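K.L.:
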Amino acid sequence: MTQHANPANASPIDRIDQKILRLLQTDGRMGNADIAKRVNVSPATCHRRMQRLFEEGYITSIRAQIAPDKVDRAALVMVGVVLDRSTPDSFAAFETACRKLPFILDCHLVAGDFDYFLKIRVRDMADFNHLHGDQLIALPGVRQTRTFFVMKEVVDNAPLAF
1 MTQHANPANA SPIDRIDQKI LRLLQTDGRM GNADIAKRVN VSPATCHRRM QRLFEEGYIT
61 SIRAQIAPDK VDRAALVMVG VVLDRSTPDS FAAFETACRK LPFILDCHLV AGDFDYFLKI
121 RVRDMADFNH LHGDQLIALP GVRQTRTFFV MKEVVDNAPL AF
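According to full-length UniProt numbering, the sequence shown is numbered sequentially starting from 1.
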């Protein structure tokens, strides 16, 4: 059995669990019977293993990936944000406000020249300009933003390698 770092109070995962996780990353719609067959266990065993992977936090969710261009959100924008203060309160206020904005897909606290990087999907540059002027620069504690329009998505949301 191969053991890997795992969440607190979680059981170690073995090669079968790893295969289940890889299959679900590839196709979240794959049914229990198909997964069981591909990992060479009974459907009941597979179901128990998947339940445990959910309960112990190895799988946090399964959801559909929507084609952004099909829902009029083809423009991907990365925004570096610098806050005016580096305090726990200013970080907390900024993070709370970001969670309320549906156009922010990801918000990451980072080390380096910026405090945060935001991943945002919009219709086009004009749509972003509107959001930037009305909402982004009004977020709590924002001193400066730097915007990067993505010209080509080379790798996006790739499956975790383990």
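For every residue, glycine included, the Cβ atom is placed at its ideal position computed from N, Cα and C.
This one's a predicted model, so the numbers in the text were calculated from it and none came from an experiment.
Given S11, which residues of its chain have a CB within under 8 Å of its CB, disregarding the five upstream and five downstream residues?
P.N.:
Position 11 of the sequence shown, counted from the start, is the residue given in the question as residue 11. Cβ within range, chain order: R52 and E56.
K.L.:
Since V155 and L76 are thought to touch, with beta carbons under 8 Å apart, how far apart are those beta carbons, to the nearest angstrom?
P.N.:
For the purposes of this step, residue 155 is taken as the residue at position 155 of the sequence shown. For the purposes of this step, residue 76 is taken as the residue at position 76 of the sequence shown. At roughly 12 Å, the Cβ-Cβ gap does not stay under 8 Å, so V155 and L76 are not in contact.
K.L.:
Between D113, D84, C107 and A126, which lies nearest to R73 when the distance is taken from Cα to Cα?
P.N.:
By 1-based counting over the sequence shown, the position of residue 73 is 73. Cα-wise, what sits closest to R73 is A126.
K.L.:
Is it right to say D115 is buried, meaning 16 or more other beta carbons lie within 10 angstroms of its own, or is it exposed?
P.N.:
Your numbering for residue 115 matches position 115 in the sequence shown. With 16 or more other Cβ atoms within 10 Å, it is buried.
K.L.:
What are the boundary residues of the alpha helix (DSSP H) that D127 is part of?
P.N.:
Taking the sequence shown and counting its residues from 1, the one referred to as residue 127 is at position 127. First-last of the alpha helix (DSSP H) with D127: M125 to L131.
K.L.:
Is it buried or exposed for G133, if we count other Cβ within 10 angstroms and need 16 for buried?
P.N.:
Locating residue 133 in the sequence shown gives position 133, counting from the first residue. When all chains shown are included, G133 counts as exposed.
K.L.:
Once you ignore the five residues that flank H41 on each side, which residues in its own chain have a CB closer than 7 Å to its CB?
P.N.:
The count along the sequence shown starts at 1 and reaches residue 41 at position 41. Note that residue 41 corresponds to Val in the displayed sequence, not to His. If we look at V41 and ignore the five residues flanking it on each side, its Cβ neighbours are I16.
K.L.:
Give the DSSP bridge partners of L109, in chain order.
P.N.:
Position 109 of the sequence shown holds residue 109. Paired residues: Y116.
K.L.:
Please report the straight-line C-alpha distance between Q144 and S86, rounded to a whole angstrom.
P.N.:
By one-based count along the sequence shown, residue 144 stands at place 144. By one-based count along the sequence shown, residue 86 stands at place 86. Looking at the two C-alpha atoms, the distance is approximately 13 Å.
K.L.:
In three-state terms, what does DSSP make of E153?
P.N.:
Locating residue 153 in the sequence shown gives position 153, where the first residue counts as 1. Residue state, collapsed to three classes: coil.
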